[in-house]
Amino acid sequence: MLGFERRVATRFLREGRMQTVLIIVGVAAGVAVVAYISALITGLQRNTIEKTLGAQAHLTLSPRDDVVLAARAPASAGASELVQTQPRAQRPRSIGNWRLLVPLLEAMPEVAAVSPMVSAAGLAVRGEASKAIALVGVDLDRYDRIVSLRSKVVDGTARLGPGEGIIGRDLAEDLGVRVGDRVGIVTGGVNDSLRVTALVDLGVRELNRRTVIVPLRTAQSLVGLPGGATGLDLTLVDIWSAQTLADDLAARWPYKAESWQQANAQLVAALNAQSVSTAVIRGVVMIVVVLGIASVLVVSVVQKRREIGILRAMGATQGQVLRIFLLQGAIVGALGSALGVLLAVVLIWTFTHFVLGSDGLPLFNITLAPALALRVAAIATVCGVLAAVAPARRAAKLDPAQAIRM
Amino acid sequence: MSAPAVATPPAPLIELDGIRKSYNVGMPNEAEVLHGLSFSIGHGEFAALIGPSGSGKSTLLNIVGLLERMTAGSYRIEGDEVNGLDDTALTLRRRTTLGFVFQFHHLLPAFSALENVTLPALMREGRITPARRERARAVLAAIGLGDSMDKRPGELSGGMQQRVAIARALVLEPPLVLADEPTGNLDTASSDEVFALMRRMHAELNTSFLVVTHDPRLAARCDRVLELVDGRLVHDGAAAGPAL
């Protein structure tokens, strides 16, 4: 197919060897930058999200906040209305009917795991030392499906039997606690003690400094919510559906639903800004690629005026001449893309092997997914064809009689 | 009883009637360069088109070659009116009916001699069949370029390039070849050689030729001479024949 056009297009490109090589290298550089930046930003964002969501649920259901309603006097002439109210202090409260809610949530296709929890503030006491803590009462197996707790154990074995607890690595260091030691827990007026079964690294220093994980029943006793759960943690199949599902659940049931995006609004804003910046860079690079190909082909049309005239005189149709130049754009785009993807692979390899953190490991894992490479290459090839449209139309419209005379 | 059938004379290969060509139509500097030319060329004719510079020879050749449109008149190829056809129809007609030989050879420099000669077939059929390739080789061999088929135009002499151009124009055996000063850029020996080749091909293939030339020696060796002066045909006849 297109035997004539293909033959002439490739010959024209081979004839202008230096010009062709330079523009293919230019396209390759553009494609490499786009592919590399895309892979880098994707890797960086995935890493950031993984670290952020490594220690928190994708979506949390909790009771709505207590509010004080404004007191209204009966409507009558001269009656005054009390409009100033004192905001109510929030106390730990249980989600009503949470045991019935869990199977309903688990049946949803978007939901991968559900874990009830009781959370409260308290103090951890060991000898003379005491530290403010975030007490979390969970069912270990369920909670493990939310934050992969077992994979975060740095010492001991994750186990939550009665009177047992798991604490953050830094908290253990602050209190001078090792696996097997006992720690006192104080919440409100209730005291208890637990034996540390494991130390965990949750990936965030503040969490490592404050987290104490105990069995759900222990937390219920400490907080004074027998049989209750202050929240339900959800892991979703697609993390990006969290906000939609949160809105949906909040509209459907009388609970507060908070997505990980709401809990990390600044992070999400930063990621969005990063994505927009990347898209702008990619767009600008692609425009430069298009302009590069177009300018080379415009020059080629001028240089090849006479040849185009001869071909037209010999019987080449305007469509055939048009396709010769569109094909040149496509060939330059395709070859540049292939070279660019290879270059991007080399850049990524260089990044992962030579840009290392203080621990000697790569800062984060980046890979060029085949789908991304194909997408970038396809876009560049299409850009090559689009870049060739104007020069090709110009070539096709050349007056053959005039072109031959030149 | 029916009347005996009268044999209709074959239509001329090309027939031009009242051809006018103006440039800058509708503008203050409008200029008419061809003033109502009429002539025809039959199958197997070998005609020269002569005239001083600026007489309109190239314009006429471009109109005959369907590269330029006339302003008024009628132009029929094998009986079909071509005036008013769109660009694609003209191009396809050009492809099947005409072959071109230009003064400056005008071969494609990126292609070898053989590839230049097979290009018309590739353009028409999208591929080169072994038969087409063999035919191109045979034509090149017949004009003495059997050993230079794989050379690029830049590696050939002017005479050789012009012979390749003639081979390219003839390879698909079009009924009419238009040659614009085919020897204008050659020395006398090469010029004679190229002209002799055209005459030979004309004799072998019965292809019609319309050759624009400034060279009276060559014009004298054509069967018919059309002389153009200031856009008017002032002579149409045998080479040494009387003026119109």
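For the protein sequence lines, the chains are A and B, in the order given.
Heads up: the first sequence at position 163 corresponds to 163 in the numbering used here, and the numbers run straight through without jumps.
Heads up: the second sequence at position 231 corresponds to 231 in the numbering used here, and the numbers run straight through without jumps.
Just so you know, even glycine gets a beta-carbon here, dropped at the ideal spot from N, CA and C.
Closer than 8 Å, CB to CB, is residue i near chain B or not?
i: Gly3 of chain A; result: yes
i: Ile18 of chain A; result: As written in the sequence, residue 18 of chain A is Met, which differs from the Ile given in the question. Met18 of chain A does not count as touching chain B.
i: Glu15 of chain A; result: yes
i: Pro400 of chain A; result: yes
i: Arg11 of chain A; result: yes
i: Ile404 of chain A; result: yes
i: Val393 of chain A; result: Correcting the residue type first, residue 393 of chain A is Arg in the shown sequence and not Val. Not one chain B Cβ lies under 8 Å of Arg393 of chain A.
i: Arg7 of chain A; result: yes
What is the C-beta distance between residue i and residue j, in whole angstroms, given that I count them as a contact (C-beta under 8 Å)?
i: Ala121 of chain B; j: Arg132 of chain B; result: 4 Å
i: Pro174 of chain B; j: Gly126 of chain B; result: The Cβ separation is near 19 Å, so there is no contact.
i: Ala39 of chain A; j: Leu372 of chain A; result: 6 Å
i: Val200 of chain A; j: Ile166 of chain A; result: 6 Å
i: Leu226 of chain B; j: Phe39 of chain B; result: 6 Å
i: Val102 of chain A; j: Leu216 of chain A; result: With a Cβ gap of about 12 Å, Val102 of chain A and Leu216 of chain A do not count as contacting.
i: Met198 of chain B; j: Ile166 of chain B; result: 6 Å
i: Leu108 of chain B; j: Val211 of chain B; result: About 23 Å; that fails the 8 Å criterion.
i: Thr157 of chain A; j: Thr211 of chain A; result: Contact doesn't hold; Cβ gap of about 17 Å is too wide.
i: Leu249 of chain A; j: Leu61 of chain A; result: 7 Å
i: Phe152 of chain B; j: Ser112 of chain B; result: In the sequence on display, residue 152 of chain B carries Arg and not Phe. That pair is a contact at about 6 Å.
i: Ala11 of chain B; j: Arg224 of chain B; result: Ala11 of chain B to Arg224 of chain B, Cβ: 18 Å. No contact.
i: Val290 of chain A; j: Val34 of chain A; result: Incorrect: roughly 12 Å between the Cβ atoms, too far for contact.
i: Gly30 of chain A; j: Val346 of chain A; result: The pair is not a contact, with the Cβ atoms about 15 Å apart (cut-off 8 Å).
Considering residue i, what are the terminal residues of the beta strand (DSSP E) in which it resides?
i: Met117 of chain A; result: Val111 to Arg126
i: Gly18 of chain B; result: Ile14 to Tyr23
i: Val136 of chain A; result: Ala129 to Val138
i: Leu114 of chain B; result: Element bounds for Leu114 of chain B: not the beta strand (DSSP E) but the alpha helix (DSSP H), Ala113 to Glu125.
i: Asn191 of chain A; result: Val190 to Val200
i: Gly231 of chain A; result: Gly231 to Leu236
i: Arg217 of chain A; result: Arg217 of chain A -> not in any beta strand (DSSP E); alpha helix (DSSP H) instead, spanning Leu216 to Val223.
i: Glu227 of chain B; result: Arg224 to Val229
i: Ile310 of chain A; result: Here Ile310 of chain A belongs to no beta strand (DSSP E); instead the alpha helix (DSSP H) covers Arg305 to Met314.
i: Lys256 of chain A; result: Tyr255 to Ser259
Which first and last residues belong to the alpha helix (DSSP H) in which residue i is found?
i: Phe354 of chain A; result: Gln318 to Phe354
i: Leu255 of chain B; result: Residue 255 of chain B cannot be examined here, being either before or after the span of chain B that is shown, 1 to 244.
i: Arg163 of chain B; result: Gly158 to Leu170
i: Arg375 of chain A; result: Pro370 to Ala396
i: Ala179 of chain B; result: Counting along the chain, Ala179 of chain B falls outside any alpha helix (DSSP H), though it belongs to the beta strand (DSSP E) covering Leu176 to Asp180.
i: Phe12 of chain A; result: Gly3 to Glu15
i: Thr244 of chain A; result: Ala242 to Arg252
i: His202 of chain B; result: Thr188 to Leu205
i: Asp425 of chain A; result: Lying before the first or after the last residue shown, residue 425 of chain A is absent from chain A, which here runs from 1 to 406.
Does any residue of chain A bring its CB to less than 8 Å from the CB of residue i?
i: Met123 of chain B; result: yes
i: Ala3 of chain B; result: Bear in mind that the predicted position of Ala3 of chain B carries a pLDDT of just 49, short of 50, making it unreliable; the figure below should be weighed with that in mind. Answer no: the Cβ-Cβ gap between Ala3 of chain B and chain A never drops below 8 Å.
i: Ala243 of chain B; result: Note on Ala243 of chain B: pLDDT 38, under 50, position unreliable in the model; the coordinate value appears next. By this cut-off, Ala243 of chain B is not an interface position.
i: Asp87 of chain B; result: yes
i: Thr91 of chain B; result: yes
i: Glu78 of chain B; result: no
i: Ile19 of chain B; result: no
i: Glu68 of chain B; result: yes
i: Asn62 of chain B; result: yes
i: Pro120 of chain B; result: yes
i: Gly184 of chain B; result: no
i: Gly65 of chain B; result: yes
Do you know whose CA, among the options, lies nearest residue i's CA?
i: Arg168 of chain B; options: B:Glu115, B:Ala110, B:Arg217 and B:Ser55; result: B:Glu115
i: Glu204 of chain B; options: B:Arg93, B:Leu210 and B:Ile143; result: B:Ile143
i: Gly16 of chain A; options: A:Ala396, A:Gln328, A:Met117 and A:His353; result: A:Gln328
i: Gly36 of chain B; options: B:Ala239, B:Ala238 and B:Val234; result: B:Val234
i: Ala390 of chain A; options: A:Ala28, A:Thr60 and A:Val296; result: A:Val296
i: Asp215 of chain B; options: B:Thr207, B:Ala196 and B:Glu181; result: B:Glu181
i: Arg344 of chain A; options: A:Leu368, A:Arg64, A:Ser259 and A:Val214; result: Just to set this straight, residue 344 of chain A is Ala in the shown sequence, not Arg. Nearest C-alpha to Ala344 of chain A: A:Leu368.
i: Gly127 of chain A; options: A:Ala113, A:Asp181 and A:Ala338; result: A:Asp181
i: Arg394 of chain A; options: A:Phe325, A:Asp359, A:Val8 and A:Leu100; result: A:Phe325
i: Ala220 of chain A; options: A:Leu291, A:Ser337, A:Arg323 and A:Ala121; result: What sits at residue 220 of chain A in the sequence shown is Gln, not Ala. The candidate whose alpha carbon is nearest that of Gln220 of chain A is A:Ala121.
i: His106 of chain B; options: B:Arg200, B:Asp187 and B:Gly159; result: B:Gly159
i: Ala132 of chain A; options: A:Pro370, A:Asp170 and A:Arg178; result: A:Asp170
i: Asp174 of chain A; options: A:Glu110, A:Arg6 and A:Leu123; result: A:Leu123
i: Glu45 of chain B; options: B:Leu140, B:Asn83, B:Ser148 and B:Met201; result: B:Met201
i: Leu339 of chain A; options: A:Ile366, A:Thr381, A:Thr10 and A:Val8; result: A:Thr381
| task | Can you give me, in chain order, the residues of the segment 301 to 329 of chain A that have a beta carbon less than 9 Å from any beta carbon in chain B? | result | Near chain B, meaning a CB-to-CB distance below 9 Å, the residues of the segment 301 to 329 of chain A are Arg306, Glu307, Gly309, Ile310, Leu311, Arg312, Ala313, Met314, Gly315, Ala316, Thr317, Gln318, Gly319 and Gln320.
| Taking any Cβ of chain A, which residues in the segment 159 to 175 of chain B have a Cβ under 7 Å from it, in chain order? | Result list empty, no residue passes.
| task | Please list the residues of the segment 122 to 154 of chain B that have a C-beta atom closer than 9 Å to any C-beta atom in chain A, keeping them in chain order. | result | Interface annotation for the segment 122 to 154 of chain B against chain A: Leu122, Met123, Arg124, Glu125, Gly126, Arg127 and Ile128, criterion Cβ-Cβ distance under 9 Å.
| said: Please identify, using Cβ separations under 9 Å, the residues of the segment 95 to 114 of chain B that lie next to chain A, in order along the chain. | reply: Within the segment 95 to 114 of chain B, the residues whose Cβ lies closer than 9 Å to any Cβ of chain A are, in chain order, Arg95, Thr96, Leu98, Gly99, Phe100, Phe102, Phe104, His106, Leu107, Leu108, Pro109, Ala110 and Phe111.
| said: Beta carbons nearer than 9 Å to chain B: which residues of the segment 232 to 248 of chain A have them? | reply: For the segment 232 to 248 of chain A, which is checked against every Cβ of chain B, not one residue is closer than 9 Å.
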